[in-house]
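In our numbering, each number is its position in the sequence shown, counted from 1, plus 19.
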Amino acid sequence: MNRRVMCALARRSCTPARLLPKRREGIRVQRRLAVLDTDARLGALPWPKKTASRCSSSSSTREPYFQVIGELSIGLPADSYQRPPAMLQICKRLTRFIVIGYLAITVSYTTMRLCLGLSRNLSYILGSCFEPLSSITWTSDRAMVQTNNGDTWSRDLFESKLFDLTLKPSKVIPYYYRALQEHKDEDVTITTIVTSSRFETLARLVEQYRGPISATVHISSSNTTRRASLLASLHSTYTSSPLFARWVDVHLVTDAYDRQFNMWRNVARLHARTEWVIMLDVDFAVCTNIRERFRGALEAGGAVGTLAKSGRAAFVIPAFEYVVQENGKDWKTFPRNKQALVELVHAGSIATFHQSWAPGHNSTDYEQYYAALPGEIYRVTTYQKSYEPYVVMRRDGPPWCDERFVGYGGNKAACLFSIYLSGIDFYVLPDDFLIHQSHAYAEETRKSERKTNRQVYDNFRKELCVEQIAQSLRANMLHTDEKHNLRAECMRTPGVPEIVLEHLLKTEVKKEIVSD
């Protein structure tokens, strides 16, 4: 009896199996099977060996058994046992996650470097691997153009390519003064050029137009003392009226060359902040509300809007001047509508601009302008090489002014010639006009420089015609409507037909040789 009690206290039966009831024996077998199952799950654990005496068990034989029981009771592995399968699974998953993450980062980095190393044109194919241009930073002393992969160019290098035909050295400081007013894309910006003697004229234009103006101001760098004085005068002019701070962007050009007019025009147009620009000389008065009328025409979608959106039209603003120069100095006395203008024309007070150089504007066909009804635009059909009207056009799209011209003569005509050859037609606005504000000219200088630029202009026309005709022939486009202006104008340019004919003959000979 005492032996049974002691064995029961030790939670292990030492009574011979034949003396126990069958139910007690079954319970013991189930316990043993549970322990063996635990051994299988935890690993091969040691099990107490059978002894001769069922009741006398040493501490060494009981220790593993009670160790197993302790394991099942508190759920913690012994130091000598293997890790549970759950922990192994966690470790495997963590390892797999680390490996997959490493591979993903490696592939992403390799793809990014590949994209950055490819040509910019392929960015459209591969997606937005990078933005072609992320920032342009301009300051008074230097400018940096930077892409998002860290490539940078100095201002001097950037401008040497941008204005590669200009005389060097020449420094451009965009937005030397920047207008505070934000402009809508469909607005119309006057792009103009200003010499150091025309600051007051610029102030008059600002007061007349009361809209966005992009002005290139040239300051000579040959005299340091005079340059400082001119910059102070420019600052005084800019701060003289709140209209400047609201509407006018001033871009500074400093060099020793006084009349690189086409380069200055390109600077003003390049930095205009609206979709539409008026290429205008600063000494003209804008007498009508052309800005609002043109914006309204774009919104209405009539003839002007349709042509404008086609990208193949530039709109001529007819130009006039007073017959008596003294009458043309005060813009506040100028007519403000077409009816008043026509009355002064018939009275002999106002004439078409420029009386001393009729080919410059006569292709506008002023008689048709006088007879045109409101909103009835008409196309210029008698273009000739000297035609140089003031036009409203897109900022983007039309060719830029050729920058080889320095001084008076041929520079503005070259701008319009390039535009015309590109396939853009000129249409006259029937309700608007400009009037020249009288001032003295340096006639001797103009006469000398015009003589030089006349030859430059003739060479330019011939060169441009040959280049564009050759390109059109290679692209098989010379016969298209888009190239009508090119065919019509270049075929009457001296020397061009012979060059084209020679090119065509050589092409035919090559075709015959290949076919043979």
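Here a beta-carbon is modelled for each residue, glycine too, at the ideal position from N, C-alpha and C.
Asked: Spatial distance of Gln490 from Leu497 (CA atoms); Found: 9 Å
Asked: Arg473 to Ala433 span [Cα, whole Å]; Found: 11 Å
Asked: Closest Cα partner of Ser240 within the set His380, Leu249, Glu226 and Ala332; Found: Leu249
Asked: Residues of its chain near Tyr409, where Cβ-Cβ distance is below 8 Å and the 5 sequence neighbours each way are ignored; Found: Ile297, Met298, Leu299, Asp300, Phe303, Val335, Ile336, Ala338 and Leu453
Asked: Pro449, buried or exposed, once every other Cβ within 10 Å from all chains shown has been counted against 16; Found: buried
Asked: Spatial distance of Leu392 from Tyr385 (CA atoms); Found: 13 Å
Asked: DSSP state of Val301 mapped onto helix, strand, coil; Found: coil
Asked: Rounded distance between the beta-carbons of Gln456 and Gly347, thought under 8 Å; Found: 6 Å
Asked: Rounded separation between Pro188 and Leu224 - CA only; Found: 30 Å
Asked: Top-ranked residue by Cα proximity to Leu271, from Gly330, Val425 and Thr214; Found: Thr214
Asked: At least 3 beta-carbon pairs within less than 8 Å: the region 362-379 vs the region 320-332; Found: no
Asked: Of the listed residues Ile438, Val399 and Ser405, nearest to Pro418 (C-alpha basis); Found: Ile438
Asked: For Tyr276 and Ile212, the rounded distance between their alpha carbons; Found: 14 Å
Asked: Through-space distance from Ala105 to Gly120, alpha-carbon basis; Found: 23 Å
Asked: Own chain partners of Lys203 with C-beta closer than 8 Å, once the 5 adjacent residues on each side are dropped; Found: Thr293
Asked: DSSP state of Thr235 mapped onto helix, strand, coil; Found: strand
Asked: Nonlocal neighbours in the same chain, by C-beta distance under 6 Å from Val399, ignoring five residues either side; Found: Ser382 and Phe445
Asked: Local Cβ density within 10 Å of Arg245, reported as buried at 16 or more and exposed below that; Found: exposed
Asked: Nonlocal neighbours in the same chain, by C-beta distance under 7 Å from Gly442, ignoring five residues either side; Found: Arg331, Glu501, Lys502 and Asn504
Asked: Top-ranked residue by Cα proximity to Leu320, from Glu205, Ala359 and Val519; Found: With the sequence shown as reference, residue 320 is identified as Gly, and Leu is not the correct amino acid for it. Comparing Cα positions, the closest option is Glu205.
Asked: Cβ pair Arg265, Leu199 closer than 8 Å; Found: yes
Asked: DSSP bridge partner residues for Ile336 (one or two, in chain order); Found: Tyr409
Asked: Reference Lys470, options His458, Val267, Asn430 and Arg414, closest by Cα; Found: Asn430
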